[in-house]
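Chains as they are written, first to last, in my numbering: chain A, 1 to 131; chain B, 1 to 814. Even for Gly, the Cβ is constructed at its ideal location relative to N, Cα and C.
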Amino acid sequence: MKSTHIIILVLVAAAVCVIVSMFGDFSTYETFASAAKEPGKQYHVIGFLEKTKQMEYDPIKDPNRFTFFVKDKAGNESKVVFSGSKPTDIEKSEQIVMTGYMDGNEFKCKKIQMKCPSKYKKDQVVEGKAG
Amino acid sequence: METQFIGEHLWPGQLGHFFVICAFVGALLSAFSYWRAAVTENVELTTSNSWLRLGRGSFIFHTVSIIGIFSMLYYIITHHLFEYNYAFQHSSKALPMKYLLSCFWEGQEGSFMLWAFWHSILGMIVMFTARNLESRTMTVIALVQVAIATMLLGFYFGGDVKVGTTPFILLRYSMQGAPIFQQANYLNMIQDGNGLNILLQNYWMVIHPPVLFLGFASTLIPFAYTLAALWKGDYQLWLKPTWVWSLFAGAVLGTGIMMGGAWAYESLTFGGYWAWDPVENASLVPWLTLIAGLHTLIVFKATQRSLPITVIFFILTYLLVWYSTFLTRTGVLGNTSVHAFTGEGKPLYWHLIIVLSVMLLASIGFMIYRWKSLPKIKEEEPIATREFWMFIGAFVLLLSAIQITISTSIPVWSPLAKWLTGKDIAPPVDPVRHYNNIQVWVAILITCMTGAVLYLKFKKSDVGTAIKRLLKIAAVAIIISSAIAYLQKINTWQYDLLLFSSVFAIIAMLHYAVFIQKKLKKMGPAVAHLGFGLVMLGILISSYKKEVISINTIGAIIDFGKKSDAENAKESQENVVLYKNTPAIIGNYWATFLGDSTSASDPRTFYKVHYEQKDSTNGKKLESFTLYPDAFVNPKGQMGLTPNPASQHFLTKDIFTYVTSVPDPAQKNADNDFKVHEVMLLDTVILSKGYLIFNSFEKADIKDSTNISVKANLSVYDLKGLVGELHPAFSIQNNTLQSEGAEKLSLMNLEVIFTNIFPQKNAIELMIKQTDDKQDYIVMKALLFPYINVLWLGIVVMVLGFFLSMWNRLTKKF
Numbered sequence: 001m002k003s004t005h006i007i008i009l010v011l012v013a014a015a016v017c018v019i020v021s022m023f024g025d026f027s028t029y030e031t032f033a034s035a036a037k038e039p040g041k042q043y044h045v046i047g048f049l050e051k052t053k054q055m056e057y058d059p060i061k062d063p064n065r066f067t068f069f070v071k072d073k074a075g076n077e078s079k080v081v082f083s084g085s086k087p088t089d090i091e092k093s094e095q096i097v098m099t100g101y102m103d104g105n106e107f108k109c110k111k112i113q114m115k116c117p118s119k120y121k122k123d124q125v126v127e128g129k130a131g
Numbered sequence: 001m002e003t004q005f006i007g008e009h010l011w012p013g014q015l016g017h018f019f020v021i022c023a024f025v026g027a028l029l030s031a032f033s034y035w036r037a038a039v040t041e042n043v044e045l046t047t048s049n050s051w052l053r054l055g056r057g058s059f060i061f062h063t064v065s066i067i068g069i070f071s072m073l074y075y076i077i078t079h080h081l082f083e084y085n086y087a088f089q090h091s092s093k094a095l096p097m098k099y100l101l102s103c104f105w106e107g108q109e110g111s112f113m114l115w116a117f118w119h120s121i122l123g124m125i126v127m128f129t130a131r132n133l134e135s136r137t138m139t140v141i142a143l144v145q146v147a148i149a150t151m152l153l154g155f156y157f158g159g160d161v162k163v164g165t166t167p168f169i170l171l172r173y174s175m176q177g178a179p180i181f182q183q184a185n186y187l188n189m190i191q192d193g194n195g196l197n198i199l200l201q202n203y204w205m206v207i208h209p210p211v212l213f214l215g216f217a218s219t220l221i222p223f224a225y226t227l228a229a230l231w232k233g234d235y236q237l238w239l240k241p242t243w244v245w246s247l248f249a250g251a252v253l254g255t256g257i258m259m260g261g262a263w264a265y266e267s268l269t270f271g272g273y274w275a276w277d278p279v280e281n282a283s284l285v286p287w288l289t290l291i292a293g294l295h296t297l298i299v300f301k302a303t304q305r306s307l308p309i310t311v312i313f314f315i316l317t318y319l320l321v322w323y324s325t326f327l328t329r330t331g332v333l334g335n336t337s338v339h340a341f342t343g344e345g346k347p348l349y350w351h352l353i354i355v356l357s358v359m360l361l362a363s364i365g366f367m368i369y370r371w372k373s374l375p376k377i378k379e380e381e382p383i384a385t386r387e388f389w390m391f392i393g394a395f396v397l398l399l400s401a402i403q404i405t406i407s408t409s410i411p412v413w414s415p416l417a418k419w420l421t422g423k424d425i426a427p428p429v430d431p432v433r434h435y436n437n438i439q440v441w442v443a444i445l446i447t448c449m450t451g452a453v454l455y456l457k458f459k460k461s462d463v464g465t466a467i468k469r470l471l472k473i474a475a476v477a478i479i480i481s482s483a484i485a486y487l488q489k490i491n492t493w494q495y496d497l498l499l500f501s502s503v504f505a506i507i508a509m510l511h512y513a514v515f516i517q518k519k520l521k522k523m524g525p526a527v528a529h530l531g532f533g534l535v536m537l538g539i540l541i542s543s544y545k546k547e548v549i550s551i552n553t554i555g556a557i558i559d560f561g562k563k564s565d566a567e568n569a570k571e572s573q574e575n576v577v578l579y580k581n582t583p584a585i586i587g588n589y590w591a592t593f594l595g596d597s598t599s600a601s602d603p604r605t606f607y608k609v610h611y612e613q614k615d616s617t618n619g620k621k622l623e624s625f626t627l628y629p630d631a632f633v634n635p636k637g638q639m640g641l642t643p644n645p646a647s648q649h650f651l652t653k654d655i656f657t658y659v660t661s662v663p664d665p666a667q668k669n670a671d672n673d674f675k676v677h678e679v680m681l682l683d684t685v686i687l688s689k690g691y692l693i694f695n696s697f698e699k700a701d702i703k704d705s706t707n708i709s710v711k712a713n714l715s716v717y718d719l720k721g722l723v724g725e726l727h728p729a730f731s732i733q734n735n736t737l738q739s740e741g742a743e744k745l746s747l748m749n750l751e752v753i754f755t756n757i758f759p760q761k762n763a764i765e766l767m768i769k770q771t772d773d774k775q776d777y778i779v780m781k782a783l784l785f786p787y788i789n790v791l792w793l794g795i796v797v798m799v800l801g802f803f804l805s806m807w808n809r810l811t812k813k814f
């Protein structure tokens, strides 16, 4: 056996281990209900802004707290606490992807990604990030 | 009867579309002719030559047509012909001239056009330089051009199947059925276009896309040469041009990628130059495989080994370029990318899949056809040789590319995973950590090899000398990197290892260039490797020690994850409120928001933030600077603000600031009125910040008994002491009381009007208004990037290395 082959075999074995372990790193898309089964664990939740409910952002009180209500794909509603400033144009978002975890009745997140229809562009992705 | 529309300029569009068809037909004819020329080459030379001439002629025709398309679209955009969808969607009258070019690349059609343009220019160079491989290489290039031209055709087959999108489509066709188009004079109602996405209104966006696309386009040339070499079965003619072109592609694509990083750093608010965003990854992966291919090609030149893997690398690189187009242009990334290319629709999706499959099948076909006859060397190569470690390095790059591709492609394969396991897989919660944790190992291995490999020789090395030299360098690197790790407090052992290996690569390459290689012309590899080492060191320090300095110390702490409280607090409190004129601590600085300003010529609002650093012992000012982060406030069609960061660049660090929120101007100044105070002599009036004392009267200007003017002398203090004096005046003219207007002290936002006088009580009446600073504030974030200049320097050095090697190769005989 060539020494090249041995080293490559070692590298491939290492790469396979890395790739297999990598799958544990991947997150999943959940609903509020399924995310609540493991409170504290971070998931992606896709939902829609409840436009009838109050959004709150008072930078004087806390510039890193923005709260709003979201209905997830299963139709359940939850309060969402975003630890950042209010993302631009969230009122117009069609769909919101949030990365965070359930804590009691609240979904806490530090990453929001929105899909915004605008009359000017068919699709636009806007991101709000706390981190 | 059809409506006759008034005021439309139809000829530029018709001419433009005519050029699209010419470009398509020209490419097709050129591909066919070059193919005939290649096939008849050994049969009948005169026939072959006439086919060759036809191929050349039609490729030149094709190139001219593409320039024609470009010119027509430019004409439409610069003349604001909003009857065309492209001009309407992507430009506006107010757009400055320099950004009109950015309109080209904002839309999908424009970027395909840019791509086709570079391909055709590079194709022309290949046409004149490829000699014996010309017919075959140009067949491949022309076929690729056929594929790209179909993207611009905009033809319908049977009403349902749409092939490509023409940039010359009229607005009334693309928005069919809209009531406005019932009117013949609809153009009178369209006064302006939608304008360019404000994120793209940035000088980096003018130059970054052309450079990146030139990089993508230049990977076509090694690919085309490789297929041509397989076709002809000749791998000697192939060597030199492929080598030179892959150096060129490596330099340009590398520059393009980092320009994207610079754009993100200068004008986006990710807080960094690299976020492992799918769009960034999609351009990095082909660069990795290209660099791998370049190295194995060098191995093949020196030792006749590694040919099969080189062929695979160059083919893979170009296919990955198309795959990256597929990822970024079809909306398949959906919710996972920040970048805004979404939903170009199903036709493009299938179009790209078909093009990719055809290329993949053709490449595999060529490889199977020639696999057995590819020159290979049976006997084992010794471990202590340059070729051995270059091969291993290339292989590590391949593994790195595979990992990045798997993670980036989650949205592509997740439907399959859902079908298999029922789980709806999403990207990692923290993508940066995910990629960093894995790729740090690649970086460590690659930097070690980058530093060591040139000390070995091809085929047979003097191992003793090499090891002696490398050990000395490693010893120096350990000392220097330990010092850096200690001073910069880099406490994660993986990153300490990377720190060592980067420093090792830098020293080794400096030493090699200066003491061993000595000849400037041959220094290319050493310089490129040195640049790579600097890039890794710059990334490591600026990212590892990147610090959010705008930690908010007021307000509630939100519990985050399962980390320590300190970390939770840090992560959730990165925005800080700066009240106007009230200094706040940000990192080592006192930062003060001094107000905002707008101008008529610029749609942005600029926020003036002053930073000052004082010596804590004697209060001496150490450094001070003012940043003007800006934002589009309530831009067209949006509410809220779209910020642009501003950075103060120092040699050893950057201070990066951007505004994340401002108060709603409508609510500002709602309850801000003058309040009436009756003040006796030597009385004190308490203000919201400080106080004022009524010191004395001063009778001024007594002309006669009916005309008296009185001044009040007021001293204004804040908590530290006297701020200033105010002298509001009051007059009695013909028994009419009259105040002389407001006196202002802008430092305290104070306005005072003298409104009455009560001589019996020795008192006066003042109306006082102090604008509450708490109503005028910005919410902002500030980051500190130490030693980011090492990264930028590294890029420049690396690219220089590529060009140095190119120069060396171009002037050398093979």
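> Would you call residue 35 (chain B) buried or exposed, if buried means 16 or more other Cβ atoms sit within 10 Å of its Cβ?
Replying inline: Taking the second sequence and counting its residues from 1, the one referred to as residue 35 (chain B) is at position 35. Buried, since its Cβ has 16 or more Cβ neighbours within 10 Å.
>> Taking contact to mean 3 or more Cβ pairs, one atom from each stretch, closer than 8 angstroms, check whether the stretch 74-91 of chain B and the stretch 29-43 of chain B are in contact.
In response: no
> Which word fits residue 733 (chain B), buried or exposed, when buried means at least 16 other C-beta atoms lie within 10 angstroms of its C-beta?
Replying inline: Taking the first residue of the second sequence as position 1, residue 733 (chain B) is located at position 733. Result: exposed.
> What is the DSSP secondary structure of residue 731 (chain B), reduced to helix, strand or coil?
Replying inline: Locating residue 731 (chain B) in the second sequence gives position 731, counting from the first residue. In this structure, residue 731 (chain B) counts as strand in the three-state DSSP scheme.
> Is the closest heavy atom of the ligand SAH to the C-beta of residue 366 (chain B) under 7 angstroms?
Replying inline: Absence of the ligand SAH from the depicted structure is noted, as is the absence of any ligand whatsoever, leaving it without description.
> What's the C-alpha gap between residue 621 (chain B) and residue 580 (chain B)?
Replying inline: Along the second sequence, read from residue 1 onward, the residue named residue 621 (chain B) stands at position 621. Along the second sequence, read from residue 1 onward, the residue named residue 580 (chain B) stands at position 580. Spanning the alpha carbons of residue 621 (chain B) and residue 580 (chain B) requires a straight line of approximately 21 angstroms.
> Should residue 403 (chain B) be flagged as near chain A, meaning a C-beta pair shorter than 8 angstroms?
Replying inline: Here the question's residue 403 (chain B) lines up with position 403 in the second sequence. So, interface residue.
> So residue 753 (chain B) is in the beta strand (DSSP E); what residue range does that whole segment cover?
Replying inline: For the purposes of this step, residue 753 (chain B) is taken as residue 753 along the second sequence, with counting starting at 1. Here the beta strand (DSSP E) through residue 753 (chain B) covers 750-758.
>> Any C-beta of chain A within less than 7 angstroms: which residues of the stretch 423-438 of chain B qualify?
In response: 423, 424, 425, 426, 427, 428, 429, 434, 438
>> Check whether the stretch 444-459 of chain B and the stretch 410-417 of chain B are in contact - that is, three or more C-beta pairs closer than 8 angstroms.
In response: no
> Looking at C-beta atoms only, is the number of pairs between the stretch 233-251 of chain B and the stretch 212-222 of chain B that lie closer than 8 angstroms three or more?
Replying inline: yes
> Would DSSP call residue 692 (chain B) helix, strand or coil?
Replying inline: In the second sequence, residue 692 (chain B) corresponds to position 692, counting from 1. Residue state, collapsed to three classes: strand.
> Within 10 angstroms of its Cβ, does residue 411 (chain B) collect 16 or more other Cβ (buried), or is it exposed?
Replying inline: Here the question's residue 411 (chain B) lines up with position 411 in the second sequence. Classification for residue 411 (chain B): buried.
>> What residue range does the alpha helix (DSSP H) around residue 433 (chain B) cover?
In response: For this step, residue 433 (chain B) is matched to residue 433 along the second sequence. Run containing residue 433 (chain B): 431-452, per the alpha helix (DSSP H) assignment.
> So, is the C-beta of residue 8 (chain A) closer than 8 angstroms to a C-beta in chain B?
Replying inline: Indexing the first sequence from 1 puts residue 8 (chain A) at position 8. By this cut-off, residue 8 (chain A) is an interface position.
> residue 553 (chain B) CB to nearest chain A CB: under 8 angstroms?
Replying inline: To locate residue 553 (chain B), count along the second sequence from 1; it is residue 553. With a pLDDT of 48 at residue 553 (chain B), under the threshold of 50, the modelled position of this residue cannot be trusted; read the value that follows with caution. Residue 553 (chain B) does not count as touching chain A.
> For residue 386 (chain B), which three-state DSSP category applies?
Replying inline: Your numbering for residue 386 (chain B) matches position 386 in the second sequence. Residue state, collapsed to three classes: helix.
> Is the Cβ of residue 299 (chain B) closer than 8 angstroms to any Cβ of chain A?
Replying inline: Within the second sequence, residue 299 (chain B) is the residue found at index 299, counting from 1. No, residue 299 (chain B) does not count as interfacial toward chain A.
> Just curious, the alpha helix (DSSP H) that residue 182 (chain B) is in, first and last residue?
Replying inline: Within the second sequence, the letter at position 182 stands for residue 182 (chain B). Segment: none, residue 182 (chain B) is in no alpha helix (DSSP H) and carries neither H nor E.
>> Across the stretch 66-76 of chain A and the stretch 782-794 of chain B, are there enough close Cβ pairs to call them in contact, namely three or more that are closer than 8 angstroms?
In response: no
> For residue 433 (chain B), which option in B:461, B:423, B:404 has the closest C-alpha, if you only look at C-alpha atoms?
Replying inline: On the second sequence, position 433 is the one that residue 433 (chain B) refers to. Here the closest residue by C-alpha is B:404.
> How is the alpha helix (DSSP H) around residue 424 (chain B) delimited, first residue to last?
Replying inline: Walking along the second sequence from the start, residue 424 (chain B) turns up at place 424. Residue 424 (chain B) -> no alpha helix (DSSP H), and no H or E assigned at all.
> Which same chain residues, not among the five before or five after residue 314 (chain B), have their C-beta less than 6 angstroms away from its C-beta?
Replying inline: Here residue 314 (chain B) refers to the residue found at position 314 of the second sequence. For residue 314 (chain B), where only same-chain residues beyond five positions count, the Cβ hits under 6 angstroms are 222, 223, 226, 293.
>> Does residue 167 (chain B) come out as helix, strand or coil in the three-state DSSP assignment?
In response: Counted from its first residue, the second sequence places residue 167 (chain B) at position 167. Of the three classes helix, strand and coil, the one that applies to residue 167 (chain B) here is coil, per DSSP.
>> Going by DSSP, what residue range makes up the beta strand (DSSP E) through residue 713 (chain B)?
In response: For this step, residue 713 (chain B) is matched to residue 713 along the second sequence. Looking at the DSSP string, the run of the beta strand (DSSP E) that includes residue 713 (chain B) is 707-717.
> Does any CB atom of chain A fall closer than 8 angstroms to the CB of residue 407 (chain B)?
Replying inline: Translated into the one-based positions of the second sequence, residue 407 (chain B) becomes position 407. Residue 407 (chain B) counts as touching chain A.
> Considering only residues of the same chain and omitting the five flanking positions on each side of residue 398 (chain B), which have a CB-CB separation below 8 angstroms?
Replying inline: Your numbering for residue 398 (chain B) matches position 398 in the second sequence. Cβ within range, chain order: 288, 289, 292, 313.
> Span of the beta strand (DSSP E) holding residue 609 (chain B)?
Replying inline: Stepping through the second sequence from its first residue, residue 609 (chain B) is reached at position 609. Here the beta strand (DSSP E) through residue 609 (chain B) covers 602-614.
>> On a Cα-Cα basis, can you pick out the residue from B:534, B:478, B:694 that is closest to residue 683 (chain B)?
In response: Stepping through the second sequence from its first residue, residue 683 (chain B) is reached at position 683. Nearest of B:534, B:478, B:694 to residue 683 (chain B), Cα basis: B:694.
>> Please list, in chain order, the chain B residues whose beta carbon lies closer than 8 angstroms to that of residue 22 (chain A).
In response: Numbered from its first residue, the first sequence carries residue 22 (chain A) at position 22. Ordered by position in chain B, the residues that pass the 8 angstroms Cβ test against residue 22 (chain A) are 403, 406, 407, 434, 438.
>> Let's test the definition: count the other Cβ atoms within 10 Å of the Cβ of residue 7 (chain B) and tell me whether it reaches 16, buried, or not, exposed.
In response: Taking the second sequence and counting its residues from 1, one reaches residue 7 (chain B) at position 7. Burial call: exposed.
>> Just to confirm, is the Cβ distance from residue 747 (chain B) to residue 779 (chain B) under 8 angstroms?
In response: The sequence position of residue 747 (chain B) within the second sequence is 747, counting from 1. The sequence position of residue 779 (chain B) within the second sequence is 779, counting from 1. No.
> For residue 156 (chain B), does the count of other Cβ atoms within 10 angstroms reach 16, so buried, or fall short, so exposed?
Replying inline: Looking up residue 156 (chain B) in the second sequence gives position 156. Answer is exposed; the Cβ neighbour count stays below 16.
> In chain order, what residues of the stretch 373-385 of chain B put their CB closer than 7 angstroms to some CB of chain A?
Replying inline: Under the 7 angstroms Cβ criterion, the stretch 373-385 of chain B contributes 380, 381, 383.
> Along chain B, which residues have their Cβ under 7 angstroms away from the Cβ of residue 25 (chain A)?
Replying inline: Here residue 25 (chain A) is taken as the residue at index 25 of the first sequence, counted from 1. Ordered by position in chain B, the residues that pass the 7 angstroms Cβ test against residue 25 (chain A) are 428, 434.
>> Let me make sure I understand the geometry here. Which of B:206, B:207, B:108, B:466 has the alpha-carbon closest to that of residue 349 (chain B)?
In response: Taking the second sequence and counting its residues from 1, the one referred to as residue 349 (chain B) is at position 349. Taking only the C-alpha atoms, the option nearest residue 349 (chain B) is B:108.
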